[in-house]
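Have a look at the structure below, then the notes.
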Amino acid sequence: MEQQRFYGPDLYAFLDRQHKVLAAAAALFRDEHGQFLLLKTWYRDSLVLPGGMFEPGDSPRRAAKREVLEELGLDITLGRLLVVDHRSASIDTPESLQFIFDGGLWMAAQQEAMVLQAEEIVSAHWVSPAEIPTLVDPGSSGHRILQAIEASADGSTRYLEDGFLGDQATAHW
């Protein structure tokens, strides 16, 4: 039996019928006091990591790097991947893959060099890990960020489902 191959319009028709998942990437920055950078945007009630949605042609690292440049005005080299989180669809959010990269240790000079994107970013906050669950989206974001902090400390990369380690994800439904 001959394998079916798709070209041109047939390929695009085939791809249109396939399952789609949104993707976003962010960076985790820490300071010398053990605090982490979160941003306040005009369109969210909670704080977020610097980052955002993929654009066409973006890899996860490229998306995170581009978003950091857009939001903070800094062209940086990102470290290793800390977290991949599969976020299930809910009433108000589509299914997505969330990537967090290590942005490294930021000293005072780097913090002072930040130029917040006025169109999107209202303010920047350096917060302790203990504060994060009360400041971010009450969904999986807090768990995802805390897992990224742990991964940055222990040298691991973590796969999560809805903010929890893969083996623990179903226990929280």
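Letter by letter, the sequence shown follows residues 6 to 178 of the numbering used here.
Even glycine gets a Cβ: it sits at the ideal position worked out from N, Cα and C.
Quick caveat: nothing in here was measured; it's all calculated off a predicted structure.
Quick check: what's the CA-CA separation for Pro99 versus His24? 12 Å
Whole angstroms is fine: what's the gap from Ile96's alpha carbon to Ser133's? 30 Å
Residue ranges of each alpha helix (DSSP H) within the segment 131-161, 4 or longer: 137-140, 146-159
Could you tell me whether the Cβ atoms of Glu37 and Leu121 are closer together than 8 Å? no
With H, G and I counted as helix, E and B as strand and the rest as coil, what does DSSP make of Glu75? helix
Roughly how many angstroms lie between the CA atoms of Ser161 and Asp15, to the nearest whole one? 42 Å
Could you tell me the alpha carbon to alpha carbon distance between Arg35 and Asp21, rounded to whole angstroms? 41 Å
Tell me whether Glu117 sits in a helix, a strand or coil according to DSSP, three-state version. helix
With distances taken Cα to Cα, identify the nearest neighbour of Ser51 among Gly57, Leu43, Met58. Leu43
Leaving out five residues before and five after Leu27 in sequence, what residues of the same chain have Cβ atoms less than 6 Å from its Cβ? Pro99, Ser101
What does the alpha-carbon distance come out to for the pair Gln103 and Glu72? 14 Å
Own chain, CB closer than 6 Å to Lys45, minus 5 neighbours either side, in chain order: Leu52, Val127, Ser128
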